[in-house]
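**Q** Structure below; questions to follow.
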Amino acid sequence: MCQNCDYTIHGAQHHFGWDNSIAPVERVEPGAQIAFHCMDSSAGQLGPSSTVKDVETLDFGKINPVSGPIYVEGAEPGDALKITIDSFAPREAEGSAWGWTANIPGFGLLADQFTDPALTIWKYDARTLEPALFGEHGRVPLKPFCGTIGNALAEPGGHSIVPPRRVGGNLDIRDLAAGTVLYLPVEVAGALFSVGDTHAAQGDGEVCGTAIESPMYAVLTIDLVKDAQLKFPRFTTSGPVTRHLDAKGYEVTTGIGPDLMTASRDAVAGMVDHLCATRQMAAVDAYMLVSTCGDLRISEIVDQPNWVVSFYFPRCVFE
């Protein structure tokens, strides 16, 4: 955790949804380093002792709180914020770092196939970030990152936090981890930057709709790029991005057809079936597990009329 940050944004300084009329909690000069005390995506509705009953009663008006907003002096429409992601540190509760993964009815890539709520509670070492245990034999490598990070929209009024936006928001990009530099378009004076929805681990696609949702301390440095004229976010990573998963190779299933969404569903369903057959797992457990560490990839998108989507599951989880 940062000992010499310029500012600290506490957990209570958060909001739900995007609205450029929300008063900033802090005004900062470009170059400021800020520590954010980010809540988990349930805003504390779920905790280390929660049960599946708590998933059934989630208040979706309190999903994905983001810390902020931050007014960056000199930021104007057409500029970009340059966000250097410095570090993450898990916030502990009940004596341990922790997180949760849930199947939330009506949400997720295979929502029609998994209609009942389910919940996995994870506990892990905040100091070492050793892989988190899944059941008796699974071990999921951890890579903390921020799922939701963005600026306010130019359009007035409230906007849902759930969809990603052209100014960022609920991007759920696993590689927005420590060392990455992210550039976000500015649409309003001051940018009104916010961040939250921190995760301990996630697969590319976050297919069940949740990752290892975990409260974190996040340290970010905010700079300003004048007249960047970005249309969408872009970012630069500091090195390899899958090294924590690569060691033992992958099991891979595919979906093939003329529709990328259908092919994605087929690839994920195929991996769920594979894990059920080879690991004797309940289907909903396999679905939640692959959301935390399996990667959806477009393998081919030029050989019309059919495209190929692949789903990569890291063998290191069970080996």
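Numbers 4 to 322, taken from the working numbering, label the letters of the sequence shown in order. Using N, Cα and C, we set each Cβ at its ideal position, and we do this for glycine too. Given the structure is predicted, the values throughout are model-derived calculations rather than measurements.
1) For V287, count neighbouring Cβ atoms within 10 angstroms of its own Cβ and tell me buried if that reaches 16, exposed if not.
2) Out of E139, Q116, D119 and F117, which has the shortest C-alpha to C-alpha gap to W125?
3) Can you find at least 3 beta carbon pairs, one from the stretch 158-171 and one from the stretch 119-137, that sit closer than 8 Å?
4) Taking A121 as the reference, which of A155, L49 and Q283 has the closest Cα?
5) Measure the beta-carbon distance from Y220 to F316 and round it to whole angstroms, keeping in mind my assumption that it falls under 8 Å.
6) So, with DSSP's three-state summary, where would you put G171?
7) So what does DSSP say about R142, is it helix, strand or coil?
8) Return yes when the Cβ of G161 is within less than 9 Å of the Cβ of F314, no when it is not.
9) Grab the span of the alpha helix (DSSP H) containing H202 for me, first residue to last.
10) Roughly how many whole angstroms lie between the Cα atoms of Q6 and L132?
11) So, are the CB atoms of F148 and T201 less than 9 Å apart?
12) Taking C-beta to C-beta, are V222 and G258 nearer than 9 Å?
13) Do A272 and I73 come within 9 Å of each other at the CB atom, strictly closer than that value?
14) Closest to T227 by CA distance: which of G34, S70 and E190 is it?
15) Please report the distance separating the alpha-carbon of S163 from that of I37.
16) If we call anything under 9 Å between Cβ atoms a contact, is S90 one with Y127?
17) Checking contacts by CB at 9 Å: is V228 closer than that to chain E?
**A** Straight from the coordinates:
1) The residue labelled residue 287 in the question sits at position 284 within the sequence shown. Label assigned to V287: buried.
2) Mapped onto the sequence shown, residue 125 falls at position 122. The shortest Cα separation from W125 among E139, Q116, D119 and F117 belongs to E139.
3) Verdict: no, contact absent.
4) What you label residue 121 is simply residue 118 of the sequence shown in a count that begins at 1. The option with the nearest alpha carbon to A121 is L49.
5) Working through the sequence shown from its first residue, we reach residue 220 at position 217. Working through the sequence shown from its first residue, we reach residue 316 at position 313. Their Cβ separation, rounded to whole angstroms, is 30 Å, which puts Y220 and F316 out of contact at 8 Å.
6) Along the sequence shown, one-based indexing puts residue 171 at 168. G171: strand per DSSP, three-state reduction.
7) Residue 142 sits at position 139 when you count from the first residue of the sequence shown. In the three-state scheme derived from DSSP, where H, G and I count as helix and E and B as strand, R142 is classed as strand.
8) The sequence position of residue 314 within the sequence shown is 311, counting from 1. The sequence position of residue 161 within the sequence shown is 158, counting from 1. Against a cut-off of 9 Å, the Cβ pair of G161 and F314 comes out as no contact.
9) The count along the sequence shown starts at 1 and reaches residue 202 at position 199. Looking at the DSSP string, H202 is not in any alpha helix (DSSP H); the run it does join, the beta strand (DSSP E), is A194 to H202.
10) Within the sequence shown, residue 6 is the residue found at index 3, counting from 1. Within the sequence shown, residue 132 is the residue found at index 129, counting from 1. Between the alpha carbons of Q6 and L132 lies a distance of about 20 Å.
11) Start at 1 with the first residue of the sequence shown, and residue 148 comes out as number 145. Start at 1 with the first residue of the sequence shown, and residue 201 comes out as number 198. With a cutoff of 9 Å on beta-carbon distance, F148 and T201 are scored as near each other.
12) Here residue 222 refers to the residue found at position 219 of the sequence shown. Here residue 258 refers to the residue found at position 255 of the sequence shown. When the beta-carbon positions are compared, V222 and G258 stay at least 9 Å from each other.
13) For the purposes of this step, residue 73 is taken as residue 70 along the sequence shown, with counting starting at 1. For the purposes of this step, residue 272 is taken as residue 269 along the sequence shown, with counting starting at 1. In this structure, I73 lies away from A272, with their beta-carbon atoms at least 9 Å apart.
14) As a working mapping, residue 227 is identified with position 224 in the sequence shown. The sequence as given places Leu at residue 227; Thr does not occur at that position. The shortest CA-to-CA distance from L227 to any of G34, S70 and E190 is the one to G34.
15) The count along the sequence shown starts at 1 and reaches residue 163 at position 160. The count along the sequence shown starts at 1 and reaches residue 37 at position 34. Between S163 and I37, the C-alpha separation is close to 25 Å.
16) Start at 1 with the first residue of the sequence shown, and residue 90 comes out as number 87. Start at 1 with the first residue of the sequence shown, and residue 127 comes out as number 124. The answer is no: Cβ separation not under 9 Å.
17) Absent from the structure: chain E. Only one protein chain is present.
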